[in-house]
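Residue numbers for the sequence shown follow the numbering used here, beginning at 4 and rising by one.
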Amino acid sequence: MARQRKKHKELSEIESENRLDDKPLTLFGKVEDILVKLFWPEFEELPVALMAISVILVILFTAEVQKEILRSLNQDDSWKLMIFGLIVAYTLLRSVYHLFVIQKKTNYEKRAMVRFAAYCCGFAGVVGGLKSLATGEAYVLNLAMVFVNLLQGGVLLLLAHFEVVDESNMSDEESPLAGSVANIGVVIILFFLLKEGLGMHWFEVFSILVAYAATFASPVADIVERLLDWMFATSSVRTQNEE
């Protein structure tokens with residue numbers, strides 16, 4: 004299974020490299036690349052699945068969120084929320100499912116996962132930026148970053164709302180299994196440490212988990228896989244020497 008995932012990942016990387024166009028190294032090209040990286044999302048299945056797990060944790064272990072959901076269900080137009088909830092639940096389950104099963108994603112699944120991730124990142128960016136401004140944590144040194152987060156989050160929310168992002172924003176690359184399991188452990192530990200240990204509000208915790216998923220999940224997964232490969236290689240050498 005691990006070899007199959009690794010082979011699939013290598014093929015995805017080759018296909019991704021083949022799709023890249025050769026661009027002249029100009030100032031305009033550099034600025035364009037920076038803007039694309041900032042405001043045009045490219046998602047992988049691991050960060051999206053971790054965002055889904057973060058949503059599940061918030062719903063299961065936050066009484067405030069549960070009460071709000073129940074209150075909304077008592078409204079006259081609760082059927083709309085129920086339909087929306089079913090769509091979200093399906094997206095959450097499929098995101099986690101694809102983390103453990105090697106299966107080609109349909110275009111519908113890709114679109115749903117991309118828009119879900121865009122909403123999560125947009126919410127985290129806007130809430131994180133507003134929280135920094137409201138609490139006075141936006142000092143001069145990081146004020147620019149706060150506004151970048153606000154702008155980036157706002158753009159992502161608009162892209163998701165107007166369905167500008169689609170399946171082309173979702174990578175076909177399979178996530179390494181061991182690295183995925185390690186990241187799930189990190190997200191669960193972070194959730195309870197921040198919420199129960201430090202007493203942070205749920206939207207602050209969620210914003211941090213989304214930031215971790217989007218920024219650190221893939222590098223951490225790669226480190227775990229390389230560490231395991233090194234351990235297995237070392238173990239094989241020792242076994243051969245003993246024989």
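Virtual Cβ for every residue (Gly too), placed ideally from N, Cα, C.
- CYS124 places its beta carbon less than 8 Å from that of LEU159.
- DSSP places PHE46 in the strand class (E or B) of the three-state scheme.
- Assigned with DSSP and collapsed to three states, MET203 falls in coil, not helix or strand.
- Note on geometry: alpha-carbon atoms of ALA236 and LEU180 lie some 18 Å from one another.
- Under DSSP, MET116 takes part in no beta bridge, so it has no partner.
- Each of ALA216, GLU170, GLU199 and ILE226 was checked against the Cα of GLY182, and the nearest Cα belongs to ILE226.
- Put simply, of ALA121, THR94 and GLU176 the residue whose alpha carbon is nearest the alpha carbon of LEU49 is GLU176.
- With a cut-off of 8 Å on Cβ pairs, the region 92-101 is in contact with the region 51-60, counting three or more such pairs.
- Straight across, the Cα-Cα distance linking MET173 with TYR215 is about 18 Å.
- By the criterion of at least three beta-carbon pairs nearer than 8 Å, the region 125-135 is in contact with the region 199-214.
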